[in-house]
Each structure stands twice: as C-alpha cells, then as structure tokens.
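Visitor: First, the structure itself, so that you have it in front of you.
There are 2 protein chains.
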Amino acid sequence: MSYAPINLKEKFTKFDEHWSPRVIAEMNDYQFKLAKVVGEFVWHDHPDTDEVFFVVEGCLDIEFRDGKVTLEAGEVFVIPKGVEHKPVAQSECKIILVEPRGVVNTGDVQSELKADNDVWV
Amino acid sequence: MSYAPINLKEKFTKFDEHWSPRVIAEMNDYQFKLAKVVGEFVWHDHPDTDEVFFVVEGCLDIEFRDGKVTLEAGEVFVIPKGVEHKPVAQSECKIILVEPRGVVNTGDVQSELKADNDVWV
C-alpha cells in the first residue's frame with residue numbers, strides 16, 4: 001500500500017472546472033470528491049443515498065423546497081436521501097462531497113451540468 | 001429536517017477527552033466522528049472496513065508494521081481494512097474519522113483506550 005497522504009490543497013490545484021467532482025479517495029464503496037462550485041446548480045435529489053457536503057473554502061447555500069442552509073468553511077451538512085436540493089455559491093467555493101461510488105452529481109435530472117462520474121485527481 | 005450547519009470548530013469545543021471519538025453526523029450507515037488525540041494509541045485493525053483519517057489541526061503519524069504516514073492539517077488517509085495501524089500524535093491533534101456506524105476505536109484489541117461507541121456531540 002501507499003503511505004502518501006492525500007493533500008486537499010494540492011488536489012484542488014489540479015483542476016479548475018466548476019460543478020465537476022474529482023475523486024480523491026475511496027473508503028469501502030464510498031468516495032470522497034473535491035469540487036469547485038460557483039453560481040447556481042440544478043434542483044435534483046439522490047433517491048437512494050444521503051450526501052455529505054463539507055465546505056473547505058468560501059460559502060455555499062444549499063436551497064431546499066422549504067428553506068435553505070448556508071455553509072461556511074469548516075461546516076458540514078448531510079442531505080437526506082430523496083430530498084430535493086439546489087446548491088448555490090455567490091463566488092467560487094471549494095467543497096468535499098462524500099457519497100457512495102456511482103452517484104451522479106445531478107441525480108436523475110438531465111442537465112448540461114451533469115458531470116462525468118468517477119474522475120480521479 | 002433541520003437546516004443547521006454542523007460547525008467543526010464549535011463541535012470541538014464540546015469535549016476534551018483524548019482518543020474518545022464523538023459523532024457529529026451520519027450518512028446512511030456511516031458516521032463522521034471528531035477526535036482529539038495526543039500520545040500513542042494501541043496497535044489495532046478493523047477487519048471489516050476501511051477507515052478514513054482527516055487531520056483538521058495539528059499533525060498525526062499513523063504507524064504501520066512496515067512504515068508510516070504523517071498527516072498535516074488538510075490531509076487525508078484511508079486505512080485499508082485489516083491493516084494494523086497505530087496513530088501517534090506528538091502534541092494534541094484534531095481529526096475527523098469516517099467509518100461505518102458501530103466501529104470501535106480499538107478494533108478487537110482490549111485496551112484502556114477503548115472508547116464508548118456512538119457518543120454524539
């Protein structure tokens with residue numbers, strides 16, 4: 001096995017695309033993904049799984065049909081499975097996503113923001 | 001559902017015990033736990049699951065039988081299931097652990113460092 005640490009800051013330098021998660025680690029069948037986001041994403045849900053958002057830098061709003069949560073750096077939120085949400089960032093925000101391998105960023109919604117899955121960095 | 005963010009810094013103020021993980025969030029059947037650690041832990045493994053270490057503050061060595069990895073703040077490492085390891089921190093270090101609900105900090109090893117499981121903060 002490799003004994004190299006996974007350095008978040010260094011991994012974030014390796015891509016610039018927004019709303020395009022990059023896998024940095026796997027734990028069993030779960031993946032840790034980095035993403036840079038800005039602007040509005042699409043309304044979607046993940047019917048089969050919860051999803052963790054962890055803001056590393058910047059500020060992220062996650063809108064729900066009946067409210068929203070605002071995450072600053074160092075804050076975490078778990079989106080329950082099946083709950084529609086729309087992430088929105090006023091300026092670029094760096095986040096970690098944790099979810100099972102195979103989860104698509106837009107859920108079942110057709111959108112130009114749908115990203116390739118399982119892209120490592 | 002609650003729309004309150006989970007703030008890591010605030011959660012870390014709520015306990016002082018070392019090697020005593022506190023759950024802050026659940027995603028499906030996985031838990032995110034905070035821990036403050038210092039000194040040497042015991043050699044152990046988790047035969048059924050990988051385990052993620054994420055250093056938030058300070059520096060953590062994780063020793064293996066054939067080497068070690070040193071994690072600084074903002075660095076992540078995945079311990080593969082079944083691999084013996086011993087975390088060591090020269091001074092207090094704050095970490096996030098991610099692993100399935102029910103994982104005991106010392107694995108199957110009998111130790112006074114065995115912590116109560118599923119303690120939330």
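For the protein sequence lines, the chains are A and B, in the order given. For what it's worth, my numbering labels the leading residue of the first sequence as 1, then goes sequentially. For what it's worth, my numbering labels the leading residue of the second sequence as 1, then goes sequentially. Every residue gets a Cβ at the ideal spot worked out from N, C-alpha and C, and that includes glycine. Predicted model, so just to flag it, every value in this text is computed and none were measured.
1) 8 Å is my cut-off, CB to CB: does Pro47 of chain A come that close to chain B?
2) What residue range is occupied by the uninterrupted alpha helix (DSSP H) comprising Phe12 of chain A?
3) At which residues does the beta strand (DSSP E) containing Pro47 of chain B begin and terminate?
4) Strictly below 9 Å CB to CB, what residues from chain B border Glu26 of chain A?
5) Check the Cβ of Ile95 of chain B against every Cβ in chain A and list those closer than 7 Å, keeping chain order.
6) Going by beta-carbon coordinates alone, are Phe54 of chain A and Val88 of chain A separated by less than 8 Å?
7) So which residues of chain B does Pro21 of chain A contact, with C-beta pairs closer than 8 Å?
8) Give me, in chain order, the residues of the same chain whose beta-carbon lies closer than 6 Å to that of His85 of chain B; leave out the 5 immediate sequence neighbours on both sides.
9) Decide if Pro47 of chain A is buried, meaning its Cβ has at least 16 other Cβ atoms within 10 Å, or exposed.
10) Measure the alpha-carbon distance for Ile24 of chain A versus Glu72 of chain B and round it to whole angstroms.
11) Quick check on DSSP: helix, strand or coil for Gly67 of chain A?
12) In the DSSP output, what is Val121 of chain A paired with across the bridge?
13) Using a Cβ-Cβ cut-off of less than 8 Å, give me the residues of the region 97-110 of chain A that come near chain B, in sequence order.
14) Identify the contact partners of Thr70 of chain B in chain A, using a Cβ-Cβ distance below 8 Å as the criterion.
15) Under the three-state reduction of DSSP, which class applies to Glu57 of chain B: helix, strand or coil?
16) Output needed for Glu92 of chain A: all residues of its chain with C-beta closer than 8 Å, excluding positions within five of it in sequence on either side, in chain order.
17) Cβ atoms of Asp29 of chain B and Met27 of chain A: under 8 Å apart, would you say?
18) With a threshold of 8 Å between beta carbons, is Leu8 of chain A in contact with chain B?
19) Cβ of Val121 of chain A within 8 Å of Cβ of Lys9 of chain A?
20) Using beta carbons (cut-off 8 Å, strictly below), is Gly58 of chain B in contact with chain A?
21) Taking Cβ positions only, does Phe32 of chain A come closer than 8 Å to chain B?
22) So, for Val83 of chain A: in the same chain, excluding its five sequence neighbours on each side, which residues have a beta-carbon less than 7 Å away from its beta-carbon?
Guide: Judging by the given coordinates:
1) Mapped onto the first sequence, residue 47 of chain A falls at position 47. So, not an interface residue.
2) Sequence index remark: in the first sequence, residue 12 of chain A carries index 12 (1-based). From DSSP, the alpha helix (DSSP H) with Phe12 of chain A extends over Leu8 to Phe12.
3) As a first step, residue 47 of chain B is located in the second sequence; it is residue number 47 there, counting from the start. Segment: none, Pro47 of chain B is in no beta strand (DSSP E) and carries neither H nor E.
4) Residue mapping note: residue 26 of chain A aligns to position 26 of the first sequence, counting from 1. Asp50 and Val78, listed in chain order.
5) The residue you call residue 95 of chain B lines up with position 95 of the second sequence. Per Cβ cutoff of 7 Å: no residues; Ile95 of chain B is ~13 Å from chain A at best.
6) Here residue 54 of chain A corresponds to residue number 54 of the first sequence, with the count starting at 1. Here residue 88 of chain A corresponds to residue number 88 of the first sequence, with the count starting at 1. No; because the gap between Cβ atoms is not below 8 Å, this pair is not in contact.
7) Counting from one through the first sequence, the residue named residue 21 of chain A turns up at place 21. None at all; the shortest Cβ gap to chain B is about 15 Å.
8) Here the question's residue 85 of chain B lines up with position 85 in the second sequence. Ile62, Phe64 and Ile79, listed in sequence order.
9) For the purposes of this step, residue 47 of chain A is identified with residue 47 of the first sequence, where counting begins at 1. Under this definition Pro47 of chain A is an exposed residue.
10) On the first sequence, position 24 is the one that residue 24 of chain A refers to. On the second sequence, position 72 is the one that residue 72 of chain B refers to. Rounded to whole angstroms, Ile24 of chain A to Glu72 of chain B spans 16 Å at the Cα level.
11) As a first step, residue 67 of chain A is located in the first sequence; it is residue number 67 there, counting from the start. DSSP places Gly67 of chain A in strand when its eight states are reduced to three.
12) Counted from its first residue, the first sequence places residue 121 of chain A at position 121. Val121 of chain A is not bridged to any residue.
13) Val98, Glu99 and Pro100
14) Taking the second sequence and counting its residues from 1, the one referred to as residue 70 of chain B is at position 70. The contacting residues are Pro5.
15) In the second sequence, counting from the first residue as 1, residue 57 of chain B sits at position 57. If DSSP states are grouped into helix, strand and coil, Glu57 of chain B belongs with the strands.
16) Counting from one through the first sequence, the residue named residue 92 of chain A turns up at place 92. Only His18, Lys36, Val37, Val38 and Gly58 meet the Cβ criterion.
17) Along the first sequence, one-based indexing puts residue 27 of chain A at 27. Along the second sequence, one-based indexing puts residue 29 of chain B at 29. Between Met27 of chain A and Asp29 of chain B, the gap from beta carbon to beta carbon reaches 8 Å or more.
18) The sequence position of residue 8 of chain A within the first sequence is 8, counting from 1. So yes, Leu8 of chain A belongs to the interface.
19) Here residue 121 of chain A is taken as the residue at index 121 of the first sequence, counted from 1. Here residue 9 of chain A is taken as the residue at index 9 of the first sequence, counted from 1. Not in contact: Val121 of chain A and Lys9 of chain A (Cβ atoms no closer than 8 Å).
20) Residue 58 of chain B sits at position 58 when you count from the first residue of the second sequence. With 8 Å as the cut-off, Gly58 of chain B does not count as an interface residue toward chain A.
21) The residue given as residue 32 of chain A occupies position 32 in the first sequence. So, interface residue.
22) Position 83 of the first sequence, counted from the first residue, corresponds to residue 83 of chain A. Leaving aside the five residues that flank Val83 of chain A on each side, the residues in its chain whose CB is nearer than 7 Å to its CB run, in chain order, Asp45 and Phe64.
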